[in-house]
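FYI, the numbering for the sequence shown is 41 to 390, going by the numbering used here. The C-beta atom is built at its ideal place from N, Cα and C for all residues, glycine as well.
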Amino acid sequence: MDALVGLDHLEILIAIVKSDGLDEAFSEGINYGGQLSKVHNVRFQTYQEPLRSLRHSLEESKLCMAALDTIKARLAKKIRKIQRRSTPFVLEDGIQRIPDDILAHIFEAGHQMSAQSQFALRVSHVSLRTPLLWTRLSSEHPSDQTEAYLTRSGQMDLQVTLSDHPGDEFRSSLQLMGTHSDRWSRLLLLMDPDDQEIIEEVGLAHFPRLRSIFHHGNVEPTGLQWAMPSLSQFEGYCSQFPLAVSFSFLLQLTSMEICFKDYASFDMTSLAHVLYNMSNLRNLSLEFQSCDAVDFDANLAPDTPKPQSFHIDSLKVTFGGISGAVASRHFPADAWGSTQFLDKCWNSQL
């Protein structure tokens with residue numbers, strides 16, 4: 041952490057303002073860095089009074105200003121960032137607060153507008169020049185809409201949703217979106233996992249910019265065997281992790297939020313071994329819905345790996361479907377965890 045130049049002097053100035061007020065803090069005889077005799081800068085020692093005291097006061101004031109300038113620049117950057125992030129939510133909140141009768145009048149007024157109204161033309165022109173508005177694709181969109189979105193989105197990252205629908209139609213849509221697979225950054229897989237092989241059949245197996253996957257169905261041991269060098273986030277549902285199967289994409293994740301649902305015998309040991317190897321993981325959320333622990337057989341148990349600590353920013357484990365109860369456990373954000381927490385959590389909910 042880099043030291044902020046002038047911070048100590050600024051703290052003294054603020055303390056004086058707080059205790060004695062602005063006028064006193066900026067009076068000529070007030071020092072912000074100690075008595076003159078403690079000044080380390082020998083340049084002032086050769087001056088006669090009152091020049092020496094004035095130079096000392098000037099130097100301290102400049103140090104306070106330097107610290108303020110740095111803080112001001114950082115605050116301005118933070119304010120701009122927060123404003124950009126909050127703008128969509130402000131607009132959404134404003135729309136939600138509009139009474140239904142007022143909203144109906146707005147729609148009626150829009151309906152009565154001429155098709156060539158200046159407002160409508162302006163909205164159209166602005167939207168066409170804003171690539172971000174055209175970055176969400178879906179396999180359910182008609183082909184002409186998908187083609188238009190691909191063109192208007194420029195070279196921006198794409199969010200792609202793949203859903204279940206008739207085979208030929210899906211294949212055609214996938215082939216069209218696949219021509220820009222190098223721009224896919226978020227993938228929502230809402231289709232049947234058994235049908236995902238069609239993705240490889242049309243030649244899609246490399247997604248260089250894909251950073252996030254949401255998987256609605258269980259990830260099977262043979263699933264998601266693609267080249268995804270940028271993948272860092274995974275959400276959704278998952279099958280168990282057989283010890284003999286390699287889920288290579290898991291090893292590079294920094295954030296994982298998965299749910300295991302409806303398992304008559306869940307092998308917690310295999311899951312622990314997978315998590316043990318996820319050294320990049322920083323945010324983890326596990327949910328177990330109607331899962332019963334598999335009977336433990338010491339003779340068949342794999343070798344226990346050496347305990348390993350890892351830094352975790354957020355950790356949440358939830359157990360549901362157990363006699364109608366739901367138990368959720370949160371861990372401190374600055375905690376150091378180990379894979380042994382799984383056994384402790386599992387045993388505590390039985």
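When rounded, the separation of the alpha-carbon atoms in Gly46 and Leu143 is 54 Å.
One thing to note: His220 has its Cβ within 7 Å of the Cβ of Leu190. In terms of CA proximity to Glu68, Pro90 leads the group Pro90, His49, Ile54, Lys58. Residue burial is scored here from C-beta neighbours: Leu168 has fewer than 16 other C-beta atoms within 10 angstroms and is therefore classed as exposed. With 16 or more neighbouring CB atoms inside 10 Å of its own CB, Gly257 falls in the buried class. Distance from the CA atom of Ala55 to the CA atom of Ser349, rounded to whole angstroms, is 42 Å. Counted as a single uninterrupted DSSP element, the beta strand (DSSP E) harbouring Glu275 occupies residues 273–277. The C-alpha of Glu297 lies about 18 Å from the C-alpha of Thr309. In this structure, Tyr303 lies away from Cys278, with their beta-carbon atoms at least 7 Å apart. Positions of the alpha helix (DSSP H) runs, each at least 4 residues long and wholly inside the segment 282–318, are given as 308–316 in order along the chain. When the alpha-carbon of His255 is set against those of Arg223, Phe300, Gly243, the nearest one is in Phe300. Note on geometry: alpha-carbon atoms of Phe66 and Gly73 lie some 14 Å from one another. Annotation for Arg176: Gln199 place their beta carbon closer than 7 Å to its own, counting only its chain and skipping 5 residues before and after.
Ile253: member of the beta strand (DSSP E) spanning 252–255, first to last residue.
Exclusion of the five residues before and after Thr186 leaves Leu177, Ser213, Leu216, Met217 as the residues of its chain whose Cβ lies within less than 7 Å of its Cβ. In the structure shown, Val130 falls within a helical segment according to DSSP collapsed to helix, strand and coil. If you check the CB distance, Leu264 and Phe247 do not come in under 7 Å. Taking the Cα of Pro233 as reference, the smallest distance to any Cα among Leu250, Lys118, Gly276 is reached at Gly276.
Ser193 is positioned such that its CB atom lies no closer than 7 Å to that of Arg226. When secondary structure is reduced to three states using DSSP, Leu91 falls in the helix class. Cβ neighbours of Phe274 within its own chain (closer than 6 Å, five residues either side excluded): Ile253, Leu293, Met296. Beyond the five residues adjoining it in sequence on each side, Met231 comes within less than 7 Å, by CB distance, of Leu202, Ser203, Asp204 in the same chain, given in chain order. Beta-bridge partners assigned by DSSP to Gln236: none are found.
An exposed status is given to Arg162, since fewer than 16 other beta-carbon atoms sit within 10 Å of its beta-carbon. In the structure shown, Trp266 falls within a coil segment according to DSSP collapsed to helix, strand and coil. Residue nearest to Glu100 within the set Gly243, Ile52, Glu240 is Ile52 (criterion: CA-CA distance). Inclusion of Ser272 and Arg249 in the CB contact set at 7 Å is not warranted, their separation being larger than that value. In this structure, the beta-carbon distance from Ala107 to Leu62 does not fall below 7 Å. Per DSSP, the unbroken beta strand (DSSP E) holding Gln199 starts and ends at 198–202.
Minimum Cα-Cα distance from Met196 among the listed residues Ser179, His181, Phe210, Asp222 corresponds to Asp222.
Leu103 sits close to His49, with the two beta carbons spaced by under 7 Å. Counting along the chain, no alpha helix (DSSP H) covers Arg169, and no H or E run does either. For Ser59, the enclosing alpha helix (DSSP H) has its first and last residue at 47–60.
Annotation: the continuous alpha helix (DSSP H) that includes Ser212 extends over 207–218. Between Gly134 and Ile122, the alpha-carbon positions lie close to 18 Å from each other. Exclusion of the five residues before and after Glu209 leaves no residue of its chain whose Cβ lies closer than 7 Å to its Cβ.
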